[in-house]
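S.K.: My structure is below; once you've seen it, I'll send some questions.
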Amino acid sequence: MDRIDARAKVTGAAKYASDHNLPAMVYGHMVTSTIGNGRIVSMDLSAARAAGGVIEIYTPGNRPAFRGTLPPPLAPVFAEARHPLADSEIHYYGQIVAMVVAETIEQARDAAALIKVTYTALPPKSSFEDAKQNPADPPVTGLPLGQPIKKPQDVDIETALAASQVRVEETYDIPPRHHNMMEPHAAVAAWQNGKLTIYSGTQGPAAHALELATVLGVQPADVHVISPYVGGAFGGKAFTWAPALLAAAAALALARPVKVVTSREQLFTVTGHRAASSQTFGLGTHRDGRLNAIKHHTTSQSIVEDPGYRTTPKYYLAPNVDIRLMVTPDMNLPTATIMRAPGDEAGSFALESAMDELAVRLGMDPIELRMKNYLESTLIEAKPYSSKHLDACYRVGAERFGWSRRSTQPAAVTDGDWQVGLGMSTAILDSGRASTTVRVTFRPNGTATVGCATSDAGTGMWTIMAMTGARALEVPVDRIRPALGDSGLPVAGNNDIYGAVGSAATSTVTPAILVAAKEAIGKLVEHATTAAGSPLVGAGDVRYDGGRLVGAGTSVGFGELLTLTRTAEVGAQGTSAPLDESHAYASYAAHFCEVRVNRWTGDPRLGRFTTVVDAGAILNAKTARNQITGGVLFGLAAAMFEEGKVEGATGRISNANLADYLLPVNADTTEIDVHFLDHPDTRLSPTGARGIGELGTVGAAAAFANAVYNATGKRIRTLPITPDKLL
Ligand code: MOS
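So the sequence shown is numbered by the UniProt record's numbering: it starts at 1 and just counts up by one.
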């Protein structure tokens with residue numbers, strides 16, 4: 001089924017956060033620091049204050065009153081704990097130092113350029129290369145976005161590695177990567193009678209409302225977040241950042257609606273990014289390929305990037321495992337946050353590259369090596385997986401892709417100016433769901449609303465909710481009105497999975513729709529037998545069948561029934577049962593990649609890509625395929641292009657724009673062949689759908705790097721794989 005929001009999006013009818021304009025609205029423009037470490041000595045605002053249209057300039061000297069702090073685990077781990085304009089200390093280049101509010105956006109921007117800030121600058125600690133030499137233990141371990149991850153038993157990993165017959169030990173480096181969703185963070189805030197209405201793109205409207213309320217010191221019920229269209233998110237809009245806080249605070253202080261839009265350059269510093277990481281993998285096997293030891297030591301700027309605990313326990317069986325995460329604290333870099341497949345993107349690149357290196361050393365086919373170490377239950381907690389068909393993914397993928405035609409000898413195949421190589425990798429992503437509430441409401445016009453405060457960040461949630469509602473109420477999909485992106489709707493999820501994060505929106509919301517539909521049908525049947533005007537009053541056994549109430553030799557459609565009984569709506573809420581914790585849940589894919597490397601320029605190009613996916617039931621093949629192709633491209637972007645460049649002397653991100661920070665475009669890609677196995681995961685939920693949003697990203701860079709090795713004989717362990725590394 002096509003996306004029901006597609007036409008609105010491509011015709012411009014869909015209103016994103018910054019598209020909202022309110023009467024008497026004014027514009028806030030953020031000003032950011034031009035040093036990476038130090039403090040503000042003075043700010044000369046005189047020229048800016050005198051500029052046309054300027055209403056107010058907020059600085060640390062007259063900062064808005066923020067009352068509360070984001071609760072852990074949101075801060076300080078996933079979002080910036082320090083309030084915008086909290087003090088005169090500068091922690092990183094690009095930190096917010098002021099916000100100008102003016103009658104027009106142009107006036108706000110012009111005045112911002114007239115502000116003169118004098119700093120005392122210290123040398124910034126912004127080089128991850130330097131900082132990783134002296135890492136520290138993290139304050140906490142593991143992402144609280146899924147199952148708790150326990151530390152494996154302490155083992156003497158060096159002895160276990162030394163005792164292994166075949167070994168690989170290498171280090172894999174991932175640079176910082178920056179969120180570049182289509183609509184940078186934007187907010188339009190307005191207060192009326194002490195209540196805030198805010199248009200702000202978010203993955204979790206209710207969570208956003210709660211976070212805003214906490215910081216602003218008001219009741220959550222007094223904050224109304226509206227976000228039907230998100231403008232892209234990928235984790236960047238999972239938590240609350242400065243633009244929404246500043247818009248809300250300024251709107252309150254000025255008693256006028258305020259719009260704040262993050263510039264593309266500011267997006268690189270004020271709203272979170274994927275932290276750099278450096279991972280050392282040691283793998284030791286017996287001669288037959290069975291793993292004896294896995295050592296996975298990571299150093300990252302932030303515990304958000306936690307490849308060890310996120311990735312390694314899900315992949316392969318080994319008796320000796322040692323996973324460690326170290327961090328580089330107090331760096332003068334912007335705050336890190338989650339980004340599509342946090343931890344797993346980096347972890348899968350390192351692990352699946354190391355497995356390829358091991359296969360080379362063993363003289364074994366990479367798929368055979370993976371099958372030798374196949375996991376049927378989680379490595380550390382030994383929980384059985386609910387449903388796992390990764391073996392079929394390998395088999396079907398190898399067949400579709402033509403894996404048997406791969407030369408086991410690297411740098412052996414050329415096609416004119418191009419060296420051609422094939423590589424593969426495994427993708428595994430934790431799957432889960434939260435217990436969630438949905439409201440289903442029947443209306444006299446024959447439609448039914450299915451509502452939940454979840455979000456559609458481009459994922460297809462509008463469509464999935466409509467389709468699932470249609471299935472549950474046994475009516476055509478055009479009679480279902482999905483409702484999402486509004487904090488006034490029933491809350492999606494709990495503290496584990498809150499809104500559309502962790503690839504869990506579909507698996508979380510769809511089972512709750514089934515429960516709510518059943519509750520609502522119960523209410524409707526009761527209404528049919530009791531409400532004045534109903535042709536079924538007093539009838540004995542009334543049942544619901546295909547949108548109609550049937551009994552006593554007659555039947556009536558629900559719209560007609562509500563019309564006859566002069567009732568505006570009949571509905572109910574329903575809450576899904578908690579997840580069965582006796583099993584572990586994950587989605588799987590086998591990626592196959594052909595790379596072509598120019599013999600003279602070293603330019604690596606994507607040739608072909610096939611992925612075979614086991615993600616439970618596929619509810620909509622079209623949106624699911626979009627998610628996987630988008631995810632694969634996201635991962636290939638890390639493989640080929642994306643790298644935040646930090647200037648050593650200043651801590652400035654020197655490529656904070658879409659000209660210098662490279663992203664793949666259509667010419668960089670090719671048709672991505674996506675094939676779904678369809679094995680509904682009925683232990684996870686009655687709809688059987690697991691997560692797919694992040695799955696394609698996982699492992700994609702490793703498949704590319706492994707194909708580069710096969711094409712050239714060069715093993716690149718530092719992303720991105722740029723031409724200079726292949727010459
Ligand atoms: Mo996703 S990085 O959990 O929004």
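The beta-carbon is built from N, C-alpha and C at its ideal position, and this holds for glycine as well.
Keep in mind the model is a prediction, meaning the values are calculated, not measured.
1. Report the residue from Gln203, His224, Ala248 whose alpha carbon sits nearest the alpha carbon of valine 230.
2. Output the distance between the C-alpha atoms of proline 243 and valine 31, rounded to the nearest integer angstrom.
3. Along the beta strand (DSSP E) that carries threonine 563, what are the first and last residues, could you check?
4. Decide if asparagine 332 is buried, meaning its Cβ has at least 16 other Cβ atoms within 10 Å, or exposed.
5. So, at 6 Å on beta carbons, what are the nonlocal neighbours of glycine 493 in its own chain, with the 5 sequence-adjacent residues on each side left out?
6. Mark residue 746 as exposed unless 16 or more other C-beta atoms lie within 10 angstroms of its C-beta, in which case mark it buried.
7. What separation, rounded to the nearest whole angstrom, lies between the Cα atoms of lysine 645 and alanine 113?
8. Quick one: what's got a C-beta closer than 6 Å to leucine 143's C-beta in the same chain, skipping five residues either side?
9. Expressed to the nearest angstrom, what Euclidean distance is found between the alpha-carbon atoms of threonine 449 and valine 440?
10. Report the three-state DSSP secondary structure of tyrosine 309 (helix, strand or coil).
11. Considering just the uninterrupted stretch of the alpha helix (DSSP H) at proline 205, what are its terminal residues?
12. Confirm, please, whether the CB-CB distance from leucine 161 to glycine 363 is below 7 Å.
13. Quick one, are the C-beta atoms of alanine 453 and threonine 712 less than 7 Å apart?
14. So, is valine 10 buried or exposed, given that buried needs 16 or more other C-beta atoms within 10 angstroms?
15. Run the proximity test for residue 754: is its beta-carbon closer than 6 Å to any non-hydrogen atom belonging to the ligand MOS?
16. Using C-beta distances below 8 Å, list every residue in its chain close to proline 664, excluding the 5 sequence neighbours before and after it, in chain order.
17. By how many angstroms is the C-alpha of alanine 568 removed from the C-alpha of alanine 472?
18. Of all the options Arg370, Ser503, Gly469, which has the alpha carbon lying nearest to the alpha carbon of alanine 512?
19. According to the neighbour-count rule (16 or more other Cβ atoms, all chains shown, within 10 Å of its Cβ), is tyrosine 93 buried or exposed?
20. Who are the near neighbours of aspartate 541 in its chain, counting only those whose CB is closer than 8 Å to its CB and skipping five residues on each side?
21. Report the CB separation of alanine 427 from tyrosine 588 in whole angstroms; it is logged as a contact under 8 Å.
22. Can isoleucine 338 be considered in contact with the ligand MOS, in the sense that its beta carbon sits closer than 6 Å to one or more heavy atoms?
23. For glutamine 409, does the count of other Cβ atoms within 10 angstroms reach 16, so buried, or fall short, so exposed?
24. Should alanine 505 be listed as close to the ligand MOS, given that the test is whether its C-beta is under 6 Å from any heavy atom?
25. Let me know the secondary structure DSSP gives threonine 712 once reduced to three states.
26. Using a Cβ-based criterion (distance less than 6 Å to any ligand heavy atom), does valine 708 qualify as near the ligand MOS?
27. Starting from glycine 284, follow the beta strand (DSSP E) in both directions and report where the run begins and ends.
28. Measure the alpha-carbon distance for aspartate 668 versus glycine 630 and round it to whole angstroms.
29. Does the beta-carbon of proline 307, which I'm using as the reference point, lie nearer than 6 Å to any heavy atom of the ligand MOS?
30. When the Cα atoms are used, what is the spatial distance from aspartate 330 to proline 176?
31. How far does the alpha helix (DSSP H) with serine 348 in it extend, from its first residue to its last?
32. Quick check on DSSP: helix, strand or coil for phenylalanine 634?
33. In chain order, what residues of the same chain have a beta carbon less than 6 Å from the beta carbon of valine 100, not counting five sequence neighbours either side?
34. Measuring only from the beta carbon, is valine 501 closer than 6 Å to any heavy atom that is part of the ligand MOS?
35. Just to confirm, does proline 342 get its C-beta within under 6 Å of one of the non-hydrogen atoms of the ligand MOS?
36. What ranges does the beta strand (DSSP E) occupy inside the stretch 382-430, keeping only unbroken runs of at least 3 residues that lie completely in it?
M.R.: Based on what the coordinates show:
1. The count along the sequence shown starts at 1 and reaches residue 230 at position 230. For valine 230, the nearest C-alpha among the options comes from Gln203.
2. Here residue 243 corresponds to residue number 243 of the sequence shown, with the count starting at 1. Here residue 31 corresponds to residue number 31 of the sequence shown, with the count starting at 1. Cα to Cα, proline 243 sits roughly 11 Å from valine 31.
3. For the purposes of this step, residue 563 is taken as residue 563 along the sequence shown, with counting starting at 1. Element bounds for threonine 563: not the beta strand (DSSP E) but the alpha helix (DSSP H), 558-564.
4. Counting from 1 along the sequence shown, the entry for residue 332 is found at position 332. Buried is the call here.
5. The residue you call residue 493 lines up with position 493 of the sequence shown. Taken in chain order, the residues that qualify are Ala434, Thr436, Thr508.
6. The structure shown does not extend to residue 746, since the chain is modelled only from 1 through 727, so no value can be given for it.
7. Within the sequence shown, the letter at position 645 stands for residue 645. Within the sequence shown, the letter at position 113 stands for residue 113. Cα to Cα, lysine 645 sits roughly 25 Å from alanine 113.
8. Along the sequence shown, one-based indexing puts residue 143 at 143. A caution first: leucine 143 carries a pLDDT of 44, below 50, which makes its placement in the model too unreliable to give a value.
9. In the sequence shown, the residue the question calls residue 449 occupies position 449. In the sequence shown, the residue the question calls residue 440 occupies position 440. Cα-Cα distance, rounded: 6 Å.
10. In the sequence shown, counting from the first residue as 1, residue 309 sits at position 309. Helix, per DSSP.
11. The residue you call residue 205 lines up with position 205 of the sequence shown. Per DSSP, proline 205 belongs to the alpha helix (DSSP H) from 205-216.
12. Mapped onto the sequence shown, residue 363 falls at position 363. Mapped onto the sequence shown, residue 161 falls at position 161. Their beta carbons are not under 7 Å apart, which means glycine 363 does not touch leucine 161 by this criterion.
13. Along the sequence shown, one-based indexing puts residue 453 at 453. Along the sequence shown, one-based indexing puts residue 712 at 712. It is not a contact, given that the beta carbons lie outside the stated cut-off.
14. For the purposes of this step, residue 10 is identified with residue 10 of the sequence shown, where counting begins at 1. Residue burial annotation: valine 10 is exposed, with fewer than 16 other C-beta atoms found within 10 angstroms of its C-beta.
15. Beyond the ends of the chain as shown, which are 1 and 727, falls residue 754; an answer cannot be given.
16. Stepping through the sequence shown from its first residue, residue 664 is reached at position 664. Residues of the same chain with a CB within less than 8 Å of the CB of proline 664, apart from the 5 flanking positions on each side, are Leu633, Leu636, Ala637, Met640, Phe641 in chain order.
17. Along the sequence shown, one-based indexing puts residue 472 at 472. Along the sequence shown, one-based indexing puts residue 568 at 568. The straight-line gap from Cα to Cα measures roughly 21 Å.
18. Walking along the sequence shown from the start, residue 512 turns up at place 512. For alanine 512, the nearest C-alpha among the options comes from Gly469.
19. Here residue 93 corresponds to residue number 93 of the sequence shown, with the count starting at 1. Counting Cβ neighbours within 10 Å, tyrosine 93 comes out buried, since at least 16 surround it.
20. Here the question's residue 541 lines up with position 541 in the sequence shown. So the list reads Gly551, once near-sequence residues are dropped.
21. By 1-based counting over the sequence shown, the position of residue 427 is 427. By 1-based counting over the sequence shown, the position of residue 588 is 588. About 7 Å; that satisfies the 8 Å criterion.
22. For the purposes of this step, residue 338 is taken as the residue at position 338 of the sequence shown. Checking the 6 Å criterion, the Cβ of isoleucine 338 is within range of a heavy atom belonging to the ligand MOS.
23. Residue mapping note: residue 409 aligns to position 409 of the sequence shown, counting from 1. Result: exposed.
24. Here residue 505 is taken as the residue at index 505 of the sequence shown, counted from 1. Every heavy atom of the ligand MOS is 6 Å or more from the Cβ of alanine 505, so no.
25. For the purposes of this step, residue 712 is taken as residue 712 along the sequence shown, with counting starting at 1. Note: threonine 712 maps to helix in three-state DSSP.
26. As a working note, residue 708 is residue 708 in the sequence shown. No - the ligand MOS has no heavy atom lying nearer than 6 Å to the Cβ of valine 708.
27. The count along the sequence shown starts at 1 and reaches residue 284 at position 284. Here the beta strand (DSSP E) through glycine 284 covers 277-285.
28. Within the sequence shown, the letter at position 668 stands for residue 668. Within the sequence shown, the letter at position 630 stands for residue 630. In this structure, the CA atom of aspartate 668 is about 13 Å from the CA atom of glycine 630.
29. By one-based count along the sequence shown, residue 307 stands at place 307. False, no ligand heavy atom lies under 6 Å from that Cβ.
30. Counting from one through the sequence shown, the residue named residue 330 turns up at place 330. Counting from one through the sequence shown, the residue named residue 176 turns up at place 176. Looking at the two C-alpha atoms, the distance is approximately 16 Å.
31. Along the sequence shown, one-based indexing puts residue 348 at 348. 344-362 is the span of the alpha helix (DSSP H), which, as asked, contains serine 348.
32. In the sequence shown, residue 634 corresponds to position 634, counting from 1. In this structure, phenylalanine 634 counts as helix in the three-state DSSP scheme.
33. Within the sequence shown, numbered from 1, the residue matching residue 100 stands at position 100. So the qualifying residues of the chain are His29, Ile57, Ala108, Ala111, Ala112.
34. Indexing the sequence shown from 1 puts residue 501 at position 501. Valine 501 Cβ: within cutoff of the ligand MOS.
35. Numbered from its first residue, the sequence shown carries residue 342 at position 342. Yes, Cβ of proline 342 sits closer than 6 Å to a heavy atom of the ligand MOS.
36. The qualifying runs are 418-430.
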